[in-house]
Amino acid sequence: MAKINDNFLKLPGSYLFSTIAKKVAEYTEANPDKEVIKMGIGDVTRPLVPAVIEAMHKATDEMGTSEGFRGYGPEQGYDFLRNAIVEHDYKARGIDIAPDEVFVSDGAKSDCGNIGDIFSKDNKVAVCDPVYPVYVDTNAMAGRAGKYIADHWDNLVYMPCLAENGFMPQIPDEKADMIYLCFPNNPTGVAATREQLKPWIEYAKKNNAVILYDSAYEAFISDPDVPHSIYEIEGAKEVAIEFRSFSKTAGFTGTRCAYTVVPHELKIDGTELNGLWNRRQCTKFNGVPYVIQRAAEAVYTDEGHKEIRENIDYYLKNASIIREALTEAGLEVYGGVNAPYIWAKTPDGMKSWDFFDKLLKEAGVVTTPGAGFGPSGEGYIRLTAFNTLENTIKAMEKIKAIL
Ligand code: MLT
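Positions in the sequence shown are counted from 1; adding 111 to them yields my numbering.
Structure, rendered in structure tokens:
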């Protein structure tokens with residue numbers, strides 16, 4: 112008899128953003144005349160920039176010629192894109208990363224989940240709390256999270272990120288082997304400085320742990336003390352894998368392109384993780400389409416860079432409008448300065464899902480309940496800055512009116 116992976120049966124409910132989408136769909140079906148402004152899932156709304164579109168068109172035309180046609184590409188990504196990444200995202204910041212340490216993929220979400228393939232089931236996993244649910248759910252699927260009891264997994268190390276500690280995870284007392292860090296953070300929107308990251312590198316070295324560093328939101332950093340890459344910290348190449356994405360940086364959520372850096376220095380018992388990840392990708396992945404990789408390459412041209420910068424600034428302006436409006440409405444507000452996410456405390460100790468319902472039903476605004484990101488997210492909601500300026504202003508007026 113075939114057996115299923117029964118770890119899936121331990122997962123509570125559905126994936127957070129699917130649950131929210133279902134709730135919103137039910138509400139709009141029941142209230143077809145009510146306007147709903149979505150500030151829930153962090154999905155971009157600005158169109159792809161002209162430099163990207165132009166590169167896509169050109170690559171599409173090439174694919175229609177005998178000389179320019181490409182079949183399977185390299186599983187790790189085309190050299191033109193790996194070189195551009197190394198040049199612009201690393202060398203330009205004084206970081207020495209080799210092109211063969213960069214693996215182009217279809218998303219940071221997939222990579223953050225798939226990376227578990229190269230780690231033993233017996234590793235102890237530490238996550239921030241609240242946390243991007245992908246790290247938790249994928250480890251639960253792999254059997255590393257233990258059992259789900261009430262609101263948490265009994266084999267994960269939760270690192271509470273609370274207002275009292277500036278939403279910064281503290282070094283855990285117990286030993287962890289795999290540590291997920293995400294800065295600028297999803298969901299709290301706070302960013303770690305170089306000084307705040309240093310102890311994590313020391314901890315990982317001392318405990319032979321690996322840091323899984325998600326920097327999908329680095330393009331939103333406006334503070335010079337905040338590093339864009341974990342590799343800005345000395346010694347990080349020996350202990351960290353970094354995930355990056357074109358999704359939020361360049362509006363590729365529907366286009367799909369990202370990359371993961373696995374340095375050669377990163378070894379466990381003498382085995383390079385770079386080789387394992389390469390083996391995994393070659394076996395399970397056939398690469399990102401040529402047209403999309405050319406589009407991603409265009410992000411690094413002068414034009415492309417200028418154009419995506421305008422979009423990022425547009426979203427950051429929305430973030431500051433949200434911060435200001437919620438503060439005026441009397442809420443405690445965090446994030447939104449180096450990140451597209453704003454983390455707000457619910458009023459009068461309301462539960463996150465109750466406040467989510469109130470905002471949806473009374474203001475027509477979709478948010479994400481903090482409790483969906485982990486036990487320490489209870490009592491908070493997350494809003495995203497990924498909307499039009501007009502909708503952002505309108506949503507904030509509606510929220511202010513009901514609070
Ligand atoms: C979010 O809303 O947290 C993000 O959209 C999730 C993602 O990038 O997968």
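Backbone N, C-alpha and C fix where the C-beta goes; we use that ideal spot for every residue, glycine too.
No experiment lies behind these values; they were computed from the predicted model shown.
ask   = What does DSSP give as the partner residues of C239 in its beta bridges?
value = M270
inquiry  = Between N225 and the ligand MLT, is there a pair consisting of the residue's CB and a ligand heavy atom that are separated by less than 7 Å?
reply    = no
Where the alpha helix (DSSP H) through E306 begins and ends = DSSP places E306 inside the alpha helix (DSSP H), whose first and last residues are 305 to 318.
query = Quick one: is I282 buried, meaning 16 or more other Cβ sit within 10 Å of its Cβ, or exposed?
reply = exposed
request  = Assign P480 to one of three DSSP states: helix, strand, or coil.
outcome  = In this structure, P480 counts as strand in the three-state DSSP scheme.
query = Which word fits N142, buried or exposed, when buried means at least 16 other C-beta atoms lie within 10 angstroms of its C-beta?
reply = Flag for N142 reads exposed.
ask   = When DSSP builds the beta bridges, which residues end up paired with M289?
value = V236, V321
query = What are the complete beta strand (DSSP E) segments, minimum 3 residues, inside the segment 353 to 407?
reply = The qualifying runs are 369 to 372.
inquiry  = Using CA atoms only, rank isn't needed, just tell me which of L159, M167, V215, H168 is closest to G184.
reply    = Closest by C-alpha distance to G184, out of L159, M167, V215, H168, is V215.
ask   = Do V247 and G277 have their CB atoms nearer than 8 Å?
value = No, the Cβ-Cβ distance between V247 and G277 is not below 8 Å.
query = Does any heavy atom of the ligand MLT sit closer than 7 Å to the C-beta of S129?
reply = no
ask   = With burial defined as no fewer than 16 other Cβ atoms inside 10 Å of the residue's Cβ, what is the status of M270: buried or exposed?
value = buried
ask   = Is the Cβ-Cβ distance between G398 and G188 less than 8 Å?
value = It is a contact, given that the beta carbons lie within the stated cut-off.
ask   = Got a sec, what are the start and stop residues for the alpha helix (DSSP H) V247 sits in?
value = 244 to 252
query = CA-CA distance, P298 and D468?
reply = Rounded to the nearest angstrom, the two C-alpha atoms are 19 Å apart.
request  = Following the continuous beta strand (DSSP E) through R493, name the residue where it begins and the one where it ends.
outcome  = Start and end: 491 to 495.
message = Using a Cβ-based criterion (distance less than 7 Å to any ligand heavy atom), does Y243 qualify as near the ligand MLT?
response = yes
query = Beta carbon of D240, beta carbon of S463: below 8 Å?
reply = no
ask   = When burial is assigned at 16 or more other CB atoms within 10 Å of the CB, is R434 buried or exposed?
value = buried
inquiry  = Is any non-hydrogen atom of the ligand MLT found closer than 7 Å to the C-beta of N449, if you look at the structure I gave you?
reply    = Set against 7 Å, the gap from the CB of N449 to the closest heavy atom of the ligand MLT is not smaller.
ask   = Taking just the CA atoms, how far does H339 sit from A203?
value = 11 Å
key: Every unbroken beta strand (DSSP E) inside the segment 158 to 246 [3 residues or more]   = 213 to 216, 236 to 240
ask   = Can you name, in chain order, every residue of its own chain whose Cβ lies under 8 Å from the Cβ of V268, other than the five neighbours on each side?
value = K235, V236, A237, V238, P283, E285, A287
query = If you check the beta carbons only, do T479 and I131 fall under 8 Å apart?
reply = For T479 and I131, yes; Cβs fall inside 8 Å.
query = CB of I492 to nearest heavy atom of the ligand MLT: below 7 Å?
reply = no
ask   = Can you list, in chain order, the residues of its chain whose CB lies under 7 Å from that of I206, leaving out five sequence neighbours each side?
value = S340, Y342, E343
ask   = Taking the alpha helix (DSSP H) that A136 falls in, what are its first and last residues?
value = Unbroken alpha helix (DSSP H) run through A136: 127 to 141.
request  = Can you say whether S356 is buried or exposed, counting buried as having 16 or more other CB atoms within 10 angstroms of its CB?
outcome  = Residue burial annotation: S356 is buried, with at least 16 other C-beta atoms found within 10 angstroms of its C-beta.
query = Given F497, which residues of its chain have a CB within under 7 Å of its CB, disregarding the five upstream and five downstream residues?
reply = These residues qualify, in order along the chain: G153, D154, V155, T156, Y426, P451.
inquiry  = Which residue marks the beginning of the alpha helix (DSSP H) containing A512, and which one marks its end?
reply    = 500 to 513
query = Starting from I423 and walking both ways along the alpha helix (DSSP H), at which residues does that stretch end?
reply = 413 to 439
inquiry  = If distances are taken between C-alpha atoms only, which option among D262, E186, K149 comes closest to T394?
reply    = E186
message = For the beta strand (DSSP E) containing K456, name the first residue and the last one.
response = 452 to 456
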